[in-house]
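In this note's numbering, the protein residues as written are -5 to 136.
Where a beta carbon is used, it is the ideal one built from N, C-alpha and C, also for glycine.
What follows is a set of notes on a single structure, which appears directly below.
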């Protein structure tokens, strides 16, 4: 089971780094794109999917498997908190971030981009929390 905890920790920490980079640099700098936003967004969405898709899937599967097959040293409430944090990340992505990116794919919209930056703090907090929790689970199980 250590390999599963390590996979979860790797994926969660990887996504923590990605989301902080998006929050502090990538998303705010998108204001500079202006009228070129639709073309930029098409390329950005494809490339970003390759960067985040595999890690998000590994994180989701690992967190789900840990609900039913966790090491005895890891409390059940930690596994449930882990899957809850992953669910928050996915929900915000699907319900808030993807629609904002779709709007930006049609045209530059400063208000939509500002909402994307503002609501992305939810994912930033959830991924940071999950990264810390995943490291803790790995440490207590080692």
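Spatial neighbours of residue i within its chain, please: C-beta separation below 6 Å, excluding the five flanking residues on both sides.
i: residue 56; result: -2, 1 and 2
i: residue 31; result: 98 and 102
i: residue 54; result: 80
Beta-carbon within less than 8 Å of residue i's beta-carbon, same chain only, minus the 5 sequence neighbours each way: which residues are those?
i: residue 107; result: 21, 24, 25, 94 and 98
i: residue -4; result: 65, 132, 135 and 136
i: residue 111; result: 17, 21 and 22
Return the first residue and the last residue of the alpha helix (DSSP H) that residue i is part of.
i: residue 41; result: 31 to 62
i: residue 125; result: 104 to 135
i: residue 79; result: 70 to 86
i: residue -1; result: -4 to 15
i: residue 98; result: 92 to 100
Taking the CB atoms as reference points, tell me whether residue i and residue j lie closer together than 7 Å.
i: residue 81; j: residue 60; result: no
i: residue 49; j: residue 128; result: no
i: residue 148; j: residue 123; result: For the chain, the structure presents residues -5 to 136; residue 148 sits outside this window and is missing.
i: residue 34; j: residue 40; result: no
i: residue 134; j: residue 67; result: yes
i: residue 117; j: residue 88; result: no
Please classify residue i as buried or exposed, where buried requires at least 16 neighbouring CB atoms within 10 angstroms.
i: residue 136; result: exposed
i: residue 120; result: buried
i: residue 43; result: exposed
i: residue 15; result: exposed
i: residue 96; result: exposed
Go through its chain and collect everything with a Cβ distance to residue i's Cβ below 7 Å, but skip five positions before and after it.
i: residue 77; result: 57, 58 and 61
i: residue 29; result: 102
i: residue 100; result: 32
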